[in-house]
Structure formats: C-alpha cells, structure tokens
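Student: The structure's right below; bear with me while I get my questions together.
Following this line, the structure appears as structure tokens:
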C-alpha cells in the first residue's frame, strides 16, 4: 500500500446526509418518569414498549449522541454480563461499547462450551450465578426458550439480544431511532402529514429483526402509511406468523405483499432489507433473488436500513450514496443501548434534564 493512502478523515460523517440527533432531541419532550420506571425491568419483547416509552429512549439516545463525552461516568461501578452464545459483531460490540462509554465494566462470554451449560448445568442455576456477578445481563441464544427458563431466577435485569428467530427488541429500537433521526417530524402530532411507505425485503415469520420491527412500527401507525412485504414466491405461504397481518391492519396500517422488487421500489420511502434468519443451530438465507445496488430504481430521497451483517443482497456501491442509512443505523445502536442500559440499572436520574 502506498503511504499516501493510509490517512483518513476522523470527523467525516458516517452517512451522506446528516443524522440529526439534535433535531430529534428538540422534537421529543422529556418524560423522566417513564425512564425511571425502566429500572429493574427485563427487556424481552418489543411488545412491552409503548409509543411514549420508545420516544423517551430515542430522546435520551439523541442526548448521548449529541454530547457523548458529557455522560462518561453514568455506569461507573456497574458490571455487565455479556453472554453471546450465537455469532455476533454489531449487537455484542455495540452493547459492550455502550457500557464502556458510560464507565462500566464488562464480563463477556462468547462460547457456550466454555460455561457450565456444557456440563449440563440448568439455566436457572446459570441465572443464579449471574445474580452474584453482575448488575445486568445481555443474552443472545439460538434457543428461543432460554430467556423464559432464566427469568424467574434472575434478580438483575436481562436484555434479549436475539433469541432464535423469535425477537430482537433492541435492534428494532435502533431501527426506529435511525428512521426518526432521518425524519424527526414522524414523532410529532403532525406525523400523519409526513407518513412514509416502508418496504421490508424479508420474511416476518422467520426473521427476528423483522418481527420486532413490525411490532415496534405498530406503535406509530400515523408515521406509516403503507407496509409492503417484498418476498420470493416460494415463501408466500410462510410470510406471516399467526395474527401478524391482522395486527398490522388493526393498527390502521395498510399492508400488501409483492414479489416484484423493481416495480415496488419507486413507491417506497424506507427500504428495510434482511436476508438471514437463525433457525436452530444454523441459519437460512431468504430472498436470494432480491438485491439492491446503485442501479436499483430507488426513490431519490429513499433510505435503506439493514441490521447487518450483509451479503450479496446489499451492494457496496450504495455505501457512498444518500440512500445509505445502514451505517448510521449501526452507529446509532450504541447510543440507543446506552440509553436503555442507563435506565435499567437505576441510573436514569443522573441524566434526566441534563443536556
């Protein structure tokens, strides 16, 4: 490599547009009481969040993102147990980065075979040990029932960081945080005037990120004028879980499906694409016939979100276009998780009303 090629711009933006944390901060009025109520709650499903609850977390995340150095000691003296029994880059590192940025310490497990579980230890006993060693647990497990088996024995809060193909609630929070930074007016009383069409390239019944995203979008029906599920014909009869489509319609959001990506894209404001679904001990890839690149017929001001890691479904030639909000989405997840963790371990009073 030529030496002239090794320099970089530290302050360059991570998206072509501006992520607007301060605009979102101004758009949402603080409700400190809600943030205080998150203390000692487990986070297992997107169902448990209200619209106001999510908005308060987004506001606190925006506060952190706008002035990250102001809050570097909020979790000092607290210990996070990061237990990831399934491969992860962004989720594990963003949780650990969030905790470190707030001054806390971390114990990390990245391989189930190195724990007592490999010897047959029951999850209730594992939970009891967690109580003794840390102040909060972040768990990713390809077994959907692991959380349920542990919760009754826990006396510290636990966060579901992905359980099989069931849910991934903090990813959905990060998704909406990115969406509302892009368009803060979707959080206001006039949201209906600015409502967007959301296209999801994926299988809601099979993908935990999509499942949790839809649950979260249902809390903001005025912000979404249409939800379009774009899918392969081969999975047409597997698209929705039981009552999933009915719940979307009952929320007042129009929903339709399409197998023609290029015909659908010109009408979509927000494109959410995912291809991987963890199922049991392995993963499946869906939507192999669909991909996005710089030649795709996207609306001029459309944005693309992707939970990452990506494969061939999302070309790198989109990275330097205004459509790229997936990098901002990943970056913002750190601040969103900072907000959530602060509240869950009874430290919200340190950041409420501090700008």
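In UniProt numbering, the protein residues as written are 1 to 355. Cβ atoms here follow ideal geometry from the backbone N, Cα and C, with glycine treated the same way.
#1: Mind checking who residue 84 pairs with in its DSSP beta bridge?
#2: Of all the alpha helix (DSSP H) runs that stay within the bounds of the stretch 95 to 172, which reach a length of 4 or more residues?
#3: Could you check what DSSP says for residue 210 in three-state terms: helix, strand or coil?
#4: Keeping to the same chain, check which residues put their C-beta closer than 7 Å to that of residue 105; ignore five residues upstream and five downstream.
#5: Taking 6 Å as the limit between beta carbons, can you name the residues of its chain near residue 252, skipping five residues before and five after?
#6: Between which residues of its own chain and residue 176 is the CB-CB distance below 6 Å, once the five residues before and five after are set aside?
#7: Applying the 10 Å Cβ sphere with the 16-neighbour rule, what's the burial state of residue 207?
#8: So, under 8 Å CB-CB, residue 38 and residue 351 are touching, yes? Tell me the CB distance rounded to an integer number of Å.
#9: Ordered along the chain, which non-local residues of its own chain (more than five positions away) have a Cβ less than 8 Å from that of residue 317?
#10: The alpha helix (DSSP H) that contains residue 226, what's its start and end?
#11: Can you give the beta carbon distance from residue 156 to residue 120, rounded, assuming they're within the 8 Å contact cut?
#12: Quick check on DSSP: helix, strand or coil for residue 366?
#13: Can you find the residues in the same chain that come closer than 7 Å, C-beta to C-beta, to residue 312, ignoring five residues on each side of it along the sequence?
#14: Skipping 5 residues on each side, what residues in its chain have a beta carbon closer than 6 Å to that of residue 91?
#15: Pull up the distance between the alpha-carbon of residue 172 and that of residue 70, whole angstroms please.
#16: Per DSSP, residue 201 is paired with what?
#17: Just tell me which of 272, 180, 140 has its CA closest to the CA of residue 163.
#18: For the beta strand (DSSP E) containing residue 296, list its first residue and its last residue.
#19: For the alpha helix (DSSP H) containing residue 305, list its first residue and its last residue.
#20: Does the Cβ-Cβ distance between residue 102 and residue 338 come in under 8 Å?
#21: Have a look at 94, 185, 174 and flag the residue whose alpha-carbon is nearest the alpha-carbon of residue 305.
#22: With a threshold of 8 Å between beta-carbons, can residue 187 be considered close to chain C, or not?
#23: My guess is that residue 178 and residue 51 are in contact by the Cβ rule of under 8 Å, so how many angstroms apart are they, rounded?
Tutor: With the structure as the only source:
#1: Numbered from 1 along the chain shown, position 84 holds the residue referred to as residue 84. For residue 84, which the question treats as bridged, DSSP gives the partners 140.
#2: 123 to 133, 146 to 151
#3: Position 210 of the chain shown holds residue 210. In the structure shown, residue 210 sits in a helix (DSSP, three-state: H, G or I).
#4: Here residue 105 refers to the residue found at position 105 of the chain shown. Correct list, in chain order: 79.
#5: The residue labelled residue 252 in the question sits at position 252 within the chain shown. For residue 252, where only same-chain residues beyond five positions count, the Cβ hits under 6 Å are 221.
#6: In the chain shown, counting from the first residue as 1, residue 176 sits at position 176. Once the five neighbours on either side are set aside, the close Cβ partners of residue 176 are 216.
#7: In the chain shown, the residue the question calls residue 207 occupies position 207. Residue 207 comes out buried.
#8: Position 38 of the chain shown, counted from the start, is the residue given in the question as residue 38. Position 351 of the chain shown, counted from the start, is the residue given in the question as residue 351. Between residue 351 and residue 38 the Cβ distance is about 12 Å, and since that is not below 8 Å, they are no contact.
#9: Mapped onto the chain shown, residue 317 falls at position 317. Within the same chain, residue 317 has close Cβ partners 293, 294.
#10: For the purposes of this step, residue 226 is taken as the residue at position 226 of the chain shown. Run containing residue 226: none in the alpha helix (DSSP H); it sits in the beta strand (DSSP E), 224 to 230.
#11: Position 156 of the chain shown, counted from the first residue, corresponds to residue 156. Position 120 of the chain shown, counted from the first residue, corresponds to residue 120. Their Cβ separation, rounded to whole angstroms, is 24 Å, which puts residue 156 and residue 120 out of contact at 8 Å.
#12: Residue 366 falls outside the range modelled here, since the chain spans only 1 to 355, and no answer is possible.
#13: Taking the chain shown and counting its residues from 1, one reaches residue 312 at position 312. Closer than 7 Å at Cβ, skipping near neighbours: 291.
#14: Within the chain shown, the letter at position 91 stands for residue 91. The residues are 161.
#15: Counted from its first residue, the chain shown places residue 172 at position 172. Counted from its first residue, the chain shown places residue 70 at position 70. Roughly 26 Å separates the two Cα atoms.
#16: Reading the chain shown from its first residue, position 201 is the one you call residue 201. Looking at the DSSP assignment, residue 201 forms a beta bridge with 230, 273.
#17: On the chain shown, position 163 is the one that residue 163 refers to. Considering only alpha carbons, the answer is 140.
#18: Position 296 of the chain shown, counted from the start, is the residue given in the question as residue 296. Looking at the DSSP string, residue 296 is not in any beta strand (DSSP E), and its letter there is neither H nor E.
#19: Here residue 305 refers to the residue found at position 305 of the chain shown. Taken as a continuous stretch (DSSP letters only), residue 305 belongs to no alpha helix (DSSP H), being part of the beta strand (DSSP E) at 303 to 305.
#20: By one-based count along the chain shown, residue 102 stands at place 102. By one-based count along the chain shown, residue 338 stands at place 338. The answer is yes: Cβ separation under 8 Å.
#21: Along the chain shown, one-based indexing puts residue 305 at 305. The candidate whose alpha carbon is nearest that of residue 305 is 174.
#22: In the structure shown, chain C cannot be found, because there is only a single protein chain.
#23: The count along the chain shown starts at 1 and reaches residue 178 at position 178. The count along the chain shown starts at 1 and reaches residue 51 at position 51. That belief does not hold up - the Cβ atoms of residue 178 and residue 51 are roughly 17 Å apart, past 8 Å.
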